[in-house]
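Chemist: Residue numbers (the numbering used here), protein chains in the order written: chain Z, 307 to 615; chain H, 176 to 644.
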Amino acid sequence: MLSRTAENLFWMARYLERAESTARLITMGQRMAVLPGSAYRDEWRSVLRVTDSESFVQPGAPITEEDIARILLLDPENPASIQACLVRARANGRSVRIRLTQEMWEALNMSWRRFEGLSASEACQELPALIDWVKTRASVFRGAAETGMMRHAGHAFMSIGGALERAQMTLRLLDVKYFVLLPETDVVGGGRDHYQWTSVLHALSGIRAYHHVYGGAYSPAHISDFLMVNRAFPRSVAYCVDQMRWHLERLAEEHGVHADCHETVDEIFELLLEGRDGAIFQRGLHESVQQCLKMTNQLALEIAESYHF
Amino acid sequence: MSFFEMHDQEGAIRSCYADVKRWIDETGIAGLHRRLEEAEAIFRRIGITFAVYGEGGDPERLIPFDLLPRVFSRLEWERLDRGIRQRAQALNAFLFDVYHRGEILRAGLIPQDLVYQNPAFRPEMIGFDPPGRVYSHIVGIDIVRTGPTAFEVLEDNCRTPSGVSYMLENREIMTRMFPGLFAKGMVTPVDNYPALLLQTLKEVAPPACKGDPVVVLLTPGSLNSAYYEHSFLADLMGIELVEPVDLFVENDRVWMKTTAGPRAVDVIYRRIDDDYLDPLVFRPDSLLGVPGLFHAYRAGGVTLCSAPGAGIADDKAIYVYVPEMIRFYLGEEPILANIPTWQCGTETGLAHVLAHLPELVAKEVHGSGGYGMLIGPKASPEEIAAYAERIKANPGGFIAQPTLDLSTVPTLGEAGVVGRHADFRPFCLVGKQMRLVPGGLTRVALTEGSLVVNSSQGGGVKDTWVLRN
């Protein structure tokens, strides 16, 4: 397969995944913003921080929902905005059209113009509907890929791109929010912050799954365990790493070569394995998150290098 | 009164249109309009679009599709088929000649300057023998009809003629939506075109190729107006669609960058102009292209289809001499006539054109896509005067032809079937042998009376049938 094709498929999947992640974060931010009291006013700022979009607002200025719609929904220059992600996903897909099935292409092709000509205030008014629409489009695309795409190398590159982006989103969320998950005694201001904890789970659509695994009570140790090392929850870092390992192994078989990226993904896997049963929390959540972020960044570079992107 | 292809001179339905006529009556005009909307929705979803340079607006505009097929009888096609092959053969013979001894020039049949001073002539190609001595592997010949038995060639396209994807997609959509029309097996299929194209390309593999040739399609990229066609053809042939950045040259061979490392390429079906092929040879300022590609080509490491410099054969100034080429190289009389053409570069031509400009169609020799032309009978006196000044400033840059009474084909109008002017582009494949699928692209001017069929100027497309008998 052409290296450029592999690269386009990898990035197409990353941008689609990112569009969906941004959509989930906006939902989380909205939920926090309507909570009573002023404690969560700054929630939008964390959302901007997770998506690396803080530079689009004045430091210290209050952030409105309209700002969010403008920056995270519509801004074509912000690589995290849903509009930018959809346009870029489509452009990547268009360059490798012959590697996509008709259904995948149609799903991608129908998505890209929804936000054109929409003003920030209009977008604000239909925000929930727009967010739902983004999630639906992503599901249609994934469904088309799941049932129709040949499992050749192209599928592996696409799957790896999606898993990498998803792992990084979870890691960035934990990176920005780690302070709310510090052991209770250390929480600034003291006391349990029920809302903050659940907000993290909401952002990853994991609240029900969490209850299935850990029962009714929330605890920072369980939440970090769930999001980092649980191998069954599809938005956990461990699950995404499993996926990447599996697809990278397929590529190694097909190409007959194990490269640096294979070693790195194994290292991340080991790191998470050692973090089971609360160990990651004991060792220091923030350090683990930072280390994982660094290693996944390195992994992305090594994949590009190994397959001549 | 133009010849309406659906009717004979007495106004009765011509037998080749009998099935189409019955289908129109059965479906009804309202029914056809409903089905047309369905067809357009399908085209849009699939993403068959055509971008037009320099027009702004929607970069991925849909080409209008007309539901009513254009029909050729078997006898009509047999004549077209022979005429097209004859022309494709003569054009390739001409290309070999002008890049070798130039016999036709020595014989005084074509002025030397017209060839050697032509920007489409590539001195770099002199003395080189491309595999199979083929220069133009896909010859698209634009044909118009002016009467029941009168077919004329409007122009030749020897470089990288586009539009074949519409021929295939138009048929595909018609078969999908109206299977009943094809059930009797009267319409000859065209869907083997990609297989024939691949066969043709493999036949011209370079000397360095051992084993099954690796063929790729080289596209300028997804922003190119014909990108859809590039990806469509690559897909149907099962070959890689590459961009210049995917290729590099080493040891006189061309390699594509793959996830498993470099892989040798034998034949490149390039959909990219000569100028942008190789910055070392053609345009040093070009950021596109594959450095060293031309050298690898001349060294026999790769085959370029079409060959650089093939454009000299489809130049509008050379067009006039194609009948001479057919007589000179093949010893035959042309089966398809040329349109009478005055060259402003000659003294008599210039005088005639300036005196008769209001009745003529004048074109730039190097223009394409229907731009920069003047349709005398439809132009205002001011436009004509301005155009005359342009001709006087550079006579060699212009030709003129009489305004033709083009035939019209049945087209779906608001209230019923109407006649609209159309042309026809078949695609002749030239490898070790010549191949021609029975059909081509019919472009239709959707505005009443309009003669401009270019898709960049509001023309549409329709399915073209060649009947078995």
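Glycine included, C-beta positions come from ideal geometry on N, C-alpha and C.
Taking beta-carbon pairs under 8 Å, can you tell me which members of the stretch 432 to 449 of chain H lie near chain Z?
Modeler: Result list: K432, T433, T434, A435 and G436.
Chemist: Using a Cβ-Cβ cut-off of 7 Å (strictly less than) and excluding sequence neighbours within five positions of H:I301, which residues of its own chain qualify?
Modeler: Once the five neighbours on either side are set aside, the close Cβ partners of H:I301 are Y274.
Chemist: Would you list the one or two residues that DSSP bridges to H:H596?
Modeler: Looking at the DSSP assignment, H:H596 forms a beta bridge with H:T583.
Chemist: Per the contact definition of three or more C-beta pairs closer than 8 Å, is the stretch 261 to 274 of chain H in contact with the stretch 480 to 488 of chain H?
Modeler: The answer is yes - the stretch 261 to 274 of chain H touches the stretch 480 to 488 of chain H, with three or more Cβ pairs under 8 Å.
Chemist: Taking Cβ positions, are Z:C546 and Z:A469 nearer each other than 8 Å?
Modeler: Cβ distance < 8 Å, so Z:C546 and Z:A469 count as in contact.
Chemist: Using a beta-carbon distance below 8 Å, is Z:M307 in contact with chain H?
Modeler: Yes, because at least one Cβ of chain H sits closer than 8 Å to the Cβ of Z:M307.
Chemist: With a threshold of 8 Å between beta carbons, is H:E366 in contact with chain Z?
Modeler: First, the amino acid is wrong: residue 366 of chain H is Asp here, not Glu. Chain Z contact via Cβ: absent.
Chemist: If I measure Cβ to Cβ from H:V477 and keep anything under 8 Å in the same chain, skipping five residues before and after, which residues do I get?
Modeler: If we look at H:V477 and ignore the five residues flanking it on each side, its Cβ neighbours are P381, A383, R428, V429, V440, D441, V442, I443, L468 and A471.
Chemist: CB Z:S505 to CB Z:R351, shorter than 8 Å?
Modeler: It is not a contact, given that the beta carbons lie outside the stated cut-off.
Chemist: Determine, using beta carbons only, whether Z:W411 and Z:R420 come nearer to each other than 8 Å.
Modeler: The answer is no: Cβ separation not under 8 Å.
Chemist: Under the assumption that H:T583 contacts H:L616 (Cβ atoms under 8 Å), give the Cβ distance between them as a whole number of angstroms.
Modeler: With 8 Å as the limit, H:T583 and H:L616 do not qualify as a contact, their Cβ atoms being about 17 Å apart.
Chemist: Just grab the DSSP bridge partners of H:Y444 for me.
Modeler: H:L392 and H:C480, per the DSSP bridge assignment.
Chemist: What residues match up with H:P577 in a beta bridge as DSSP calls it?
Modeler: Its beta-bridge partners are H:L535.
Chemist: Does the beta carbon of H:G229 sit closer than 8 Å to a beta carbon anywhere in chain Z?
Modeler: Interpretation of H:G229 is limited by its pLDDT of 42, a score under 50 that renders its predicted location unreliable; no figure is taken from the coordinates.
Chemist: Using 8 Å as the limit for Cβ to Cβ distance, is Z:E412 near chain H?
Modeler: True, the Cβ-Cβ gap to chain H drops below 8 Å.
Chemist: Measure how close the beta-carbons of Z:L533 and Z:T476 come, nearest whole angstrom, since I'm counting them as under 8 Å.
Modeler: That pair is a contact at about 6 Å.
Chemist: Buried or exposed for H:M349, please, with buried defined as at least 16 other CB atoms from any protein chain shown within 10 angstroms of its CB.
Modeler: Label assigned to H:M349: buried.
Chemist: In the DSSP assignment, what are the bridge partners of Z:V547?
Modeler: DSSP, once it has assigned bridges, lists no residue as partnering Z:V547.
Chemist: Should H:A409 be flagged as near chain Z, meaning a C-beta pair shorter than 8 Å?
Modeler: By this cut-off, H:A409 is an interface position.
Chemist: Who are the neighbours of Z:I404 on chain C, taking C-beta pairs under 7 Å?
Modeler: In summary, chain C is missing from the structure at hand, where the protein chains are Z and H.
Chemist: Rounded to whole angstroms, what is the Cα-Cα separation between H:A205 and H:M352?
Modeler: Rounded to the nearest angstrom, the two C-alpha atoms are 16 Å apart.
Chemist: Quick one: Cα of H:R618 to Cα of Z:T328, how far?
Modeler: For H:R618 and Z:T328, the distance between alpha carbons rounds to 46 Å.
Chemist: 8 Å is my cut-off, CB to CB: does H:A187 come that close to chain Z?
Modeler: It does not: the Cβ of H:A187 has no partner Cβ on chain Z nearer than 8 Å.
Chemist: Indicate whether at least one CB of chain H lies closer than 8 Å to the CB of Z:H564.
Modeler: No, Z:H564 does not count as interfacial toward chain H.
Chemist: Please state whether the Cβ-Cβ distance between H:P419 and H:V465 is less than 8 Å.
Modeler: In contact: H:P419 and H:V465 (Cβ atoms closer than 8 Å).
Chemist: Since H:E425 sits in a beta bridge, which residues does DSSP pair it with?
Modeler: DSSP output for H:E425 lists H:R428 as bridge partner(s).
Chemist: Apply the 10 Å Cβ neighbour rule to H:Q264 and answer buried if 16 or more other Cβ atoms are within range, or exposed otherwise.
Modeler: Burial call: buried.
Chemist: By Cβ distance below 7 Å, which residues in the same chain neighbour H:L159 in space, the five residues on each side in sequence not counted?
Modeler: A query on residue 159 of chain H cannot be resolved here, the shown segment of chain H reaching from 176 to 644 and no further.
Chemist: Within 8 Å, do at least three Cβ pairs link the stretch 190 to 198 of chain H to the stretch 242 to 255 of chain H?
Modeler: The stretch 242 to 255 of chain H is in contact with the stretch 190 to 198 of chain H.
Chemist: For Z:A397, return the contacting residues in chain H, with the cut-off set at a CB-CB distance below 8 Å.
Modeler: Simply S397.
Chemist: Just verifying my parser: in three-state terms, what is the DSSP assignment at Z:A565?
Modeler: Of the three classes helix, strand and coil, the one that applies to Z:A565 here is coil, per DSSP.
Chemist: Mind checking if Z:R400 is an interface residue toward chain H, Cβ cutoff 8 Å exclusive?
Modeler: Cβ-Cβ to chain H under 8 Å: yes for Z:R400.
Chemist: Rounded to a whole number of angstroms, what is the C-alpha to C-alpha distance between H:P437 and Z:R551?
Modeler: Answer to the nearest angstrom: the Cα atoms are 25 Å apart.
Chemist: Look at the alpha carbon of H:F503 and the alpha carbon of H:I279, and state the distance between them as a whole number of angstroms.
Modeler: Whole-angstrom Cα-Cα distance: 7 Å.
Chemist: Return the bridge partner residues of H:I318 from the DSSP annotation.
Modeler: DSSP lists H:V328 and H:F599 as partners of H:I318.
Chemist: Among Z:A386, Z:E349 and Z:L507, which residue has its Cα nearest to the Cα of Z:F362?
Modeler: The residue with the shortest Cα to Cα distance from Z:F362 is Z:A386.
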